[in-house]
Amino acid sequence: AAAMVYLFQNVPGDVNGRNLHADSLKFGSFNASKSWNLVDVPFFVIIAVGSGIMGAGFCEVNLLLSRWRRAHLLGKPLLRSLEAVVIVLVTCSFAFWLPTLPRAAGGGCQEKIPNYVCNAKGIA
């Protein structure tokens, strides 16, 4: 997901014609001013438990979806094709509108991050 967001924020040859893929994917500097304390461990445990619950939930939803697909779509090529078309349309819609999300949320553009949405003319 992070690489996809990076791609949409840094399109090769954006409206100003700059080559933005001269360097690799960067997540910034990680120079911590202090080390972790024992007080921080419960927060890490909470994050780990929450992540495990979300992962188990994902597996359960995937299992239910597979069972539903087997019961309702097996042997029906037209419905299976329609399912693929719907998934492609939803994925493309998200990929198309995702770059405009920061502006739509009222965040505006940040000048220190080159972004083709910020530099494009005629985009509200």
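Residue numbers for the sequence shown follow the working numbering, so the first one is 0 and each next one is one higher.
Glycine included, C-beta positions come from ideal geometry on N, C-alpha and C.
Since the model is a prediction, treat every value here as computed from it, not as a measurement.
Is residue i close to the ligand MN? I mean its beta-carbon at under 7 Å from any heavy atom of the ligand.
i: K33; result: This structure lacks the ligand MN, and indeed carries no ligand of any kind.
By how many angstroms is the C-alpha of residue j removed from the C-alpha of residue i?
i: L77; j: G56; result: 30 Å
i: L64; j: G74; result: 16 Å
i: R66; j: V60; result: 10 Å
i: A123; j: I86; result: In this prediction, A123 has a pLDDT of 48, which is less than 50 and means its spatial position is unreliable; nothing more can be read from the coordinates.
i: T99; j: S32; result: 34 Å
i: F42; j: S50; result: 12 Å
i: V84; j: S92; result: 12 Å
i: V38; j: V44; result: 11 Å
i: P101; j: T90; result: 19 Å
i: F95; j: I46; result: 31 Å
i: V40; j: R68; result: 42 Å
Using the three-state DSSP reduction, which class does residue i fall into: helix, strand or coil?
i: L88; result: helix
i: W96; result: helix
i: L77; result: helix
i: N61; result: helix
i: W67; result: helix
i: S34; result: coil
i: A123; result: Caution is warranted here: a pLDDT of 48 is assigned to A123, below 50, making its placement in the model unreliable, and no coordinate value can be reported.
Give a yes or no on whether the C-beta atoms belonging to residue i and residue j are separated by under 8 Å.
i: L72; j: R79; result: yes
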